[in-house]
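Structure record follows, encoded as structure tokens.
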Amino acid sequence: MSSTEQRLGLSGVARVAVGPQESASASRRWWDADADDYQAEHGEFLGDDDFVWCPERLREADARLLGDPSTLVGARVLEVGCGAAACSRWLKRRGALPVALDLSGGMLRQAALASVRTGITVPLVQAGAEWLPFSDASFDLACSAFGAVPFVAEPARVMSEIARVLRPGGRWVFSVNHPMRWMFSDDPGPDGLKVAQSYFDRSPYVEVDADGVPGYVEHHRTMGDRIRDIVGAGLELVDVVEPEWPEDLTATWGQWSPLRGDLFPGTAIFCCRKPS
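Read in order, the letters of the sequence shown correspond to residues 5 to 280 in our numbering.
What follows is the structure, encoded as structure tokens:
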């Protein structure tokens, strides 16, 4: 059991339906409680002003999923589920005009501390991804590196909100756990190679306290679900990137490991565009 689970008194796992508000409340509780530990564990890997898409160490500087670097200059960019906002600071260093949004005040506090360390400040907004507090066509680009999308009960609404705030022709790129990972336990070792549950079981993973109150919720969508959410919001799916595990990366990150990474993908990155 992690220290965050202990602090929140989480004592069991339940496969129960969790609504949007209950899911948002659990995510806020979890990330507020876990913010310091998460940054201590992963901050060096993520950097204070770097843009890392996933545990496979794919960087935007190399992948250019948001477009040619020259197009970032002056671009209005929304980072959804920003955490400590390292991606936003990387974007600002390249001339973009980012806004970093997160549900968790604890994570935004980490973002503010990192801004002090680097001297790179970006606007921070506390809000959920399903109800973006911005006007229509406010942004040229939107991005999310494992932020918000896996933790919301209504991901289709997130896609619709992103489509609303993007200008015509704008890009939306987000990374999430690869949907096939749902079949396996979160074990980076040999036990994590065994199918543990159905790919088609969309019951959320929920950790609860002694009173049955959720303190951590993660939602599963199949690859088809993700695509339907994107297309249903009026967006175009341009590409799906499944990063391979680098040969020189020997570290593990939670369930991600060289053993599993050699056999199947851990991350899916969806590259979308709002039609002109």
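We put the CB at the ideal spot given by N, CA and C, even for glycine.
Judged by DSSP in its simplified three-state form, residue 157 adopts coil rather than helix or strand. By the Cβ neighbour-count rule, residue 59 is buried, with 16 or more other Cβ atoms within 10 Å of its own. Per DSSP, the continuous beta strand (DSSP E) segment holding residue 176 begins and ends at 170–181. By the neighbour-count definition (other C-beta atoms within 10 Å, threshold 16), residue 144 is a buried residue.
Bounds of the alpha helix (DSSP H) holding residue 10 are 7–12. Under the 8 Å Cβ criterion, the stretch 141–158 does not count as touching the stretch 243–255, having fewer than three qualifying pairs. If you draw a 10 Å sphere on the C-beta of residue 45, you find fewer than 16 other C-beta atoms in it, and that means exposed. Counting every other CB atom within 10 Å of its CB across the protein chains shown gives residue 68 a total below 16, marking it as exposed. Shortest Cα-Cα distance from residue 204 to any of 24, 229, 73 involves 229. Cβ atoms of residue 208 and residue 221 come within 8 Å of each other, at about 5 Å.
Within the same chain, 150, 153, 154, 272 come within 7 Å of residue 180 by CB-CB distance, once the 5 residues on both sides are set aside.
Separation of residue 172 and residue 136 (C-alpha to C-alpha, rounded to the nearest whole angstrom) is 17 Å. Exclusion of the five residues before and after residue 108 leaves 32, 35, 36, 39 as the residues of its chain whose Cβ lies within less than 7 Å of its Cβ. Straight across, the Cα-Cα distance linking residue 193 with residue 118 is about 33 Å. In this structure, residue 201 keeps its C-beta atom at 8 Å or more from the C-beta atom of residue 184.
Between residue 129 and residue 196, the alpha-carbon positions lie close to 37 Å from each other. Within the same chain, 98, 99, 100 come within 8 Å of residue 77 by CB-CB distance, once the 5 residues on both sides are set aside.
Around residue 216, the same chain offers 18 as residues with beta carbons nearer than 8 Å, after the five sequence neighbours per side are excluded. Ranked by Cα distance from residue 103, the first of 120, 121, 79 is 79.
If you look at residue 219, you'll find it in the beta strand (DSSP E) that goes 218–222. Taking the C-beta atoms as reference points, residue 264 is found nearer than 8 Å to residue 270.
Annotation: residue 45 is outside any beta strand (DSSP E); the continuous alpha helix (DSSP H) that includes it extends over 24–50. Taking C-beta atoms as the reference points, residue 124 and residue 53 count as a pair closer than 8 Å.
Runs of the beta strand (DSSP E) spanning 3 or more residues and lying entirely within the stretch 103–162 occur at 128–130, 143–149, in chain order.
Our two residues, residue 111 and residue 105, have alpha carbons roughly 10 Å apart in a direct line. Taken atom to atom, the span from the alpha-carbon of residue 84 to that of residue 50 is near 16 Å.
According to the DSSP assignment, residue 225 belongs to no beta strand (DSSP E), since it is labelled neither H nor E.
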